[in-house]
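Protein chains in written order, with the working numbering: chain E, 3 to 86; chain X, 97 to 288.
The beta carbon of each residue, even a glycine, is placed where N, CA and C say it ideally should be.
Please read all numbers here as calculations on a predicted model, not as lab measurements.
Let me begin by presenting the structure, written as structure tokens, before commenting on it.
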Amino acid sequence: MENNDKTPCNEHVKCMELLELILDGEAKDGEKDYYFAHIEQCMPCYRAHNLESAIRTVLRNNVDKKEVPADLVHCIKSKIRETV
Amino acid sequence: MADNDHPQRYSEQKKVQIFDGEFLPHIDAMYNFAYRLTFDEDDAKDLVQETYLKAFRFINSFEEGTNAKAWLFRILKNSFINDYRKKSKEPNKVDYNEVETYYNSEDANAEITPDLRVEALQDMIGDEVTNALNSLAVDFRTVIILCDLEGFTYEEMAKILDIPIGTVRSRLHRARNLLKDKLKSYAQSMGY
Chain E
3 MENNDKTPCN
13 EHVKCMELLE
23 LILDGEAKDG
33 EKDYYFAHIE
43 QCMPCYRAHN
53 LESAIRTVLR
63 NNVDKKEVPA
73 DLVHCIKSKI
83 RETV
Chain X
97 MADNDHPQRY
107 SEQKKVQIFD
117 GEFLPHIDAM
127 YNFAYRLTFD
137 EDDAKDLVQE
147 TYLKAFRFIN
157 SFEEGTNAKA
167 WLFRILKNSF
177 INDYRKKSKE
187 PNKVDYNEVE
197 TYYNSEDANA
207 EITPDLRVEA
217 LQDMIGDEVT
227 NALNSLAVDF
237 RTVIILCDLE
247 GFTYEEMAKI
257 LDIPIGTVRS
267 RLHRARNLLK
277 DKLKSYAQSM
287 GY
């Protein structure tokens, strides 16, 4: 990598905006091409990419999920039947 | 999403078919969203029930085959703001002027080398991540739930929250930095 960990990226703000667009699935093809070429050369942005990806993975996999109460659908449908 | 200027005219049988086929499959996501907003199982149940009853009442405004999940989330969010947030003790108000200018601030430039490490994140258990998310103010928590847990696009989030896409992006950016700060604190307490 040309840009090692100790050299700050001089386009970091732009890269961080692109990083969010890319991980959120909102980046255009040209933005993706620029970004992925850039992180191959820039260690700070590469590390930021890995960290942000890991945060999203942890959120998706580790945030507790609640079971829907067993009677909820029945309650809703009963109330609707009363109104029809 | 529905075009309120051109409502449908569904038969009673068709209404039930749409309700069962397009609305009810989202009940799991709806209940979890409601719980993450209220932190109370009974309130979450009431909020979901109220949302589905409203959805049925206004079903003629929904165009069959369009984005039912986003439509339902929008109704739930509005019900939460109107009926539940008022009685909540949580200090939810966010200074949006501060949020909107965030991308241009020096703070945004300062986060060059995040010292939270991937290994620390991978060692976290559900409770720590859930607590970090739950500790965010509701407006920040909401955008992370919608984007990262439910996978809505910026455009869908803008419609659900009634805010411009630029505001969705800046709020999301700020929310993620706040979440990162919380996760960093957990990582430090774990010895990273």
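- Take Cys17 (chain E), set aside five residues on each side of it, and the residues of its chain with a beta-carbon closer than 8 Å to its own are Cys11, Tyr37, His40, Ile41, Cys44, Cys47, Ala50, in chain order.
- At a C-beta separation below 8 Å, Ala56 (chain E) has these neighbours in chain X: Val214, Leu217, Gln218.
- The continuous alpha helix (DSSP H) containing Tyr36 (chain E) extends over residues 31-41.
- Taking all protein chains in view, the Cβ of Asp35 (chain E) is surrounded by fewer than 16 other Cβ atoms within 10 Å, so the residue is classified as exposed.
- Each residue's CA atom was taken as its position, placing Ser157 (chain X) and Glu22 (chain E) some 34 Å apart.
- Straight across, the Cα-Cα distance linking Gln113 (chain X) with Ser107 (chain X) is about 10 Å.
- For the pair Leu25 (chain E) and Asn178 (chain X), the Cα-to-Cα distance works out to about 33 Å.
- Secondary structure note for Gln113 (chain X): its alpha helix (DSSP H) is the uninterrupted segment 108-114.
- Between Ile241 (chain X) and Phe129 (chain X), the beta carbon gap of about 6 Å places them in contact (Cβ cut-off 8 Å).
- In the DSSP secondary-structure assignment, Cys17 (chain E) is not bridged to any residue.
- Using beta-carbon distances, Asn128 (chain X) counts as an interface residue toward chain E, with a partner under 9 Å.
- Shown here, Cys44 (chain E) sits in a strand according to DSSP, grouped into three states.
- Using a Cβ-Cβ distance cut-off of 8 Å, the stretch 166-174 of chain X and the stretch 249-262 of chain X are in contact, since at least three pairs of beta carbons, one from each stretch, lie closer than that value.
- In this chain, the alpha helix (DSSP H) harbouring Lys150 (chain X) covers 137-153.
- Interface residue (Cβ-Cβ distance to chain E less than 9 Å): Gln284 (chain X) is not classified as such.
- Not one beta carbon of chain E lies nearer than 9 Å to the beta carbon of Val234 (chain X).
- For Cys77 (chain E), at least one C-beta of chain X is nearer than 9 Å to its own C-beta.
- Per DSSP, Gln104 (chain X) is not a residue of any alpha helix (DSSP H), being assigned neither H nor E.
- Annotation for Lys67 (chain E): no alpha helix (DSSP H) segment contains it, and DSSP assigns it neither H nor E.
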